[in-house]
Amino acid sequence: DLIQKLDGAIRAIRNTGKLNEKNIGEALRGIQRALLEADVHFKVVKEFISAVREKAVGTEVTRSVSPGQQVVKVVHDELVRLLGHAHVPIAFSGIPPSVILIVGLQGSGKTTFAAKLGALLRKSGRDPMLVAADIYRPAAIKQLATLGKGINLPVFEKGTLKPVLICKAAVEEARKQGKDTLIVDTAGRLHIDDAMMAELEALKSALHPSEILYVADGMTGQDAVKSAQAFLDRLDFNGIVLTKMDGDSRGGAALSIRAVTGRPIKFISNGEKTDAVEPFHPERMASRILG
Amino acid sequence: LHSKPKLDEELLEELEEILIQSDIGAANALSLIGEMRGRLPADGDLEEASRRILMERIRQLVGEGETGGGMTVTADPHVILVVGVNGTGKTTSIGKLAYRFGRENRKVLLAAADTFRAAAVEQLGEWAVRAKADLIRQSMGADPASVAHDAVEAAMTRGFNVVLVDTAGRLHSKVNLMEELKKIHRVIGRRMPGAPHEVLLVLDATTGQNGLNQARVFQQAVGVTGIILAKLDGTARGGIVVSIRRELGIPVKWVGLGEGLEDLVPFDPGSYVESIFG
Ligand SMILES: Nc1nc2c(ncn2[C@@H]2O[C@H](COP(=O)(O)OP(=O)(O)OP(=O)(O)O)[C@@H](O)[C@H]2O)c(=O)[nH]1
Ligand SMILES: Nc1nc2c(ncn2[C@@H]2O[C@H](COP(=O)(O)OP(=O)(O)OP(=O)(O)O)[C@@H](O)[C@H]2O)c(=O)[nH]1
Ligand SMILES: [Mg+2]
Ligand SMILES: [Mg+2]
């Protein structure tokens, strides 16, 4: 494990009694390697390592822990700090229905998450309706309708009308039925597909969503930064959802996306069933990334 | 006497970043650059030489011994099992393969063996229509091995040339799901000895180092014969395929370049490497 790896590398620290530039160097190289292997973006790793170096240098080496453990503690604490707070809530608007837009790359888990979010919000006392705004993917509407039916959540669909028109009609229907929340499932798209990104911008300006959630696959590698940055630039999304965290990926994308966008990670999806979602815990995420 | 030609720090860093950004992995990046430095000519344009040597080495690593990507149909029916973790592009890739085989005048049968996920069968059904292929399906919740069995059976008796078996996305870390996949594989082989003739692992090009674990576990479970690297039309480069080729010997056979019927091409090592350094 990481602590054992570092203990070997920085035995020299014991002699000086203080963590200094030289003896920390080796330890930090080990941490850098571990973070890259965990899929943290290399630029984020660089900045993270210098922040840790600054915090660690000059720290007294206490007798109760090994130098390796001490450096790891600084790393762990800094990681937790960077990953952000737990339980940042969804934003709702004063006038119902609140609109929540679910966006992200192809296959990241948006449709599944939309249903999960609906179930969560209903549990917390809200009255949500799902909106099938992916008019492109074969059987995408059917997929959301099936998921909604499975947990008794209403799903609004209007065939393959333009997504803005579907959503405007959904708002009308929500007002009629007294639904206070609309969760809009959108088609997966590439951040470099200008027409598709423009479609999302159009949805945003037509619906004034109180919340835009960027859904990212937890096993994403270095590309996590490029796509998240592009979605942020064009949509200024409010929160991040990481999916497929029930796998064995280290999840470095969590740190990358959080560090580069500054937006809070709000939910962790950890399974295929509609109850497999939990609020974000920075401590758990930090331990996972460090491996 | 040998004196190693000096590459400046800035160039080395730039090259290392190109490699790491493509998800080739930190350890690979380091060893590739180390190797490259040992092969630099004594003089000349070092910047050009370093790039060329790196590109050539990576091209060699992913394309060694290949006569080209894609694959040859070797049996009749030729049975292809498509596997991978959730959301990578299996169903869509099957639609694309069905279309390609159809254009080669082969009779194609699709097996809807994802009997778990919402609207999975409907999704494949739509692709069958687009690709003009036939479809074998059962009800949702049916035993996927049974669907696969029926499809191979149908292909053998009704003269299909290619069978493409779609399976549910599954995380390699889920033992029970991997057992289910092994059963699908076994049942296919029992109905037609030698089948499946191909087991294609669909990998999302945005996947990081976890892709190696995926390949390893799927390889152990059902023996992967090739990779479909999907979503390469994005900015991700799927560099994990270098490790997969190096450590597991699994070659990339196809590349997904979009969401339409024609967006699948045989893997070409040369253009792949160009796209990393491009
Ligand atoms: N194991 C696991 N699978 C998940 C999770 N979230 C989603 N999935 C699966 O991932 C696959 C893709 O999920 P979708 O909800 O269809 O993804 P999407 O983002 O809507 O896909 P597109 O609409 O095509 O962009 C499906 O097989 C889901 O069941 C998760 O947290 N864990
Ligand atoms: N841009 C792009 N999108 C792709 C490509 N291949 C698949 N997709 C998209 O990725 C998403 C998921 O594709 P699917 O075919 O449903 O993936 P899957 O592996 O069958 O998913 P599960 O069965 O849920 O595990 C869809 O939105 C596809 O259109 C590709 O090569 N490029
Ligand atoms: Mg979807
Ligand atoms: Mg599928």
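Protein chains in written order, with my numbering: chain A, 1 to 291; chain B, 1001 to 1278.
Where a beta carbon is used, it is the ideal one built from N, C-alpha and C, also for glycine.
One Cα belongs to residue 56/A, the other to residue 1022/B, and the distance between them is close to 31 Å. In the DSSP assignment, residue 197/A falls within the alpha helix (DSSP H) that extends over 194-207. Taking a contact to require three or more Cβ pairs closer than 8 Å, the segment 1232-1240 of chain B and the segment 1184-1192 of chain B do not qualify as touching. Note that the C-beta distance between residue 172/A and residue 132/A is not below 8 Å. In this structure, DSSP gives residue 129/A an extended state, which the three-state scheme calls strand. When CB distances to chain B are screened at a threshold of 7 Å, the residues of the segment 130-162 of chain A falling below it are 138, 139, 142, 143, 146, 147, in chain order. Remark: the C-beta of residue 1120/B is in contact range of ligand 4, defined as less than 7 Å to any heavy atom. For residue 220/A, a Cβ of chain B is located within less than 8 Å of the residue's own Cβ.
Taking 9 Å as the Cβ-Cβ cut-off, the segment 98-131 of chain A approaches chain B at 105, 106, 107, 108, 109, 111, 112, 115, given in chain order. Counting other Cβ atoms within 10 Å of its Cβ, residue 282/A reaches 16 or more and is therefore classed as buried.
Beyond the five residues adjoining it in sequence on each side, residue 280/A comes within less than 7 Å, by CB distance, of 86, 265, 266, 267, 268 in the same chain, given in chain order. Proximity of the segment 125-140 of chain A to the segment 176-190 of chain A meets the contact definition, three or more beta-carbon pairs being nearer than 8 Å.
Going by beta carbons, residue 1111/B and residue 1075/B fall outside the 8 Å limit. Following the DSSP letters along the chain, one finds residue 214/A inside the beta strand (DSSP E) bounded by residues 211-217. One residue after another in chain order, those with a Cβ under 7 Å from a heavy atom of ligand 3 are 110/A, 111/A, 134/A, 137/A, 140/A, 143/A, 185/A, 187/A, 188/A. Relative to ligand 1, even the nearest heavy atom lies 7 Å or more away from the CB of residue 1214/B. DSSP, reduced to helix, strand and coil, places residue 252/A outside both helices and strands of the structure shown, so it counts as coil. Put simply, the CB of residue 42/A is near chain B, with a gap under 8 Å to one of its CB atoms.
When rounded, the separation of the alpha-carbon atoms in residue 1170/B and residue 1204/B is 13 Å. Residue-level contact check: residue 1115/B does not touch chain A, since none of the beta carbons of chain A fall below 8 Å from its beta carbon. For the segment 171-205 of chain A, the residues whose beta carbon sits under 8 Å from a beta carbon of chain B are, in order, 190, 191, 192. Close CB contacts of residue 53/A within its chain, under the 7 Å cut and outside five residues either way in sequence, are with 24, 28 (chain order). Distance from the CA of residue 1175/B to the CA of residue 1182/B, rounded to the nearest whole angstrom, comes to 10 Å. Within its own chain, the residues whose Cβ lies closer than 8 Å to the Cβ of residue 1200/B, once the five positions on either side in sequence are excluded, are 1080, 1081, 1082, 1083, 1093, 1224, 1225, 1226, 1227, 1228, 1253, 1254, listed in chain order. Annotated three-state conformation of residue 269/A is strand, per DSSP. Taking a Cβ-Cβ cut-off of 9 Å, the neighbours of residue 1085/B in chain A comprise 219, 244, 247, given in sequence order. Counting C-beta pairs closer than 8 Å gives fewer than three between the segment 1005-1024 of chain B and the segment 100-120 of chain A, which falls short of the contact rule. Residue 1085/B and residue 1172/B have their C-alpha atoms spaced approximately 7 Å apart. By the neighbour-count criterion, in which a residue is buried when 16 or more other Cβ atoms sit within 10 angstroms of its Cβ, residue 1129/B is exposed. Proximity of the beta carbon of residue 245/A to ligand 1 is indicated: a heavy atom of the ligand is located closer than 7 Å. For the segment 30-61 of chain A, the beta-carbon criterion of a distance under 7 Å to any beta-carbon of chain B is satisfied by 33, 36, 37, 39, 42.
For residue 166/A, the CB contacts under 6 Å within the same chain, skipping 5 residues up- and downstream, are 133, 158 in chain order. Counting other Cβ atoms within 10 Å of its Cβ, residue 198/A stays below 16 and is therefore classed as exposed.
For residue 226/A, the C-beta contacts it makes with chain B under 7 Å involve 1235, in order along the chain. Assigned with DSSP and collapsed to three states, residue 156/A falls in strand. Annotation for residue 1169/B indicates a beta carbon within 7 Å of some heavy atom of ligand 1.
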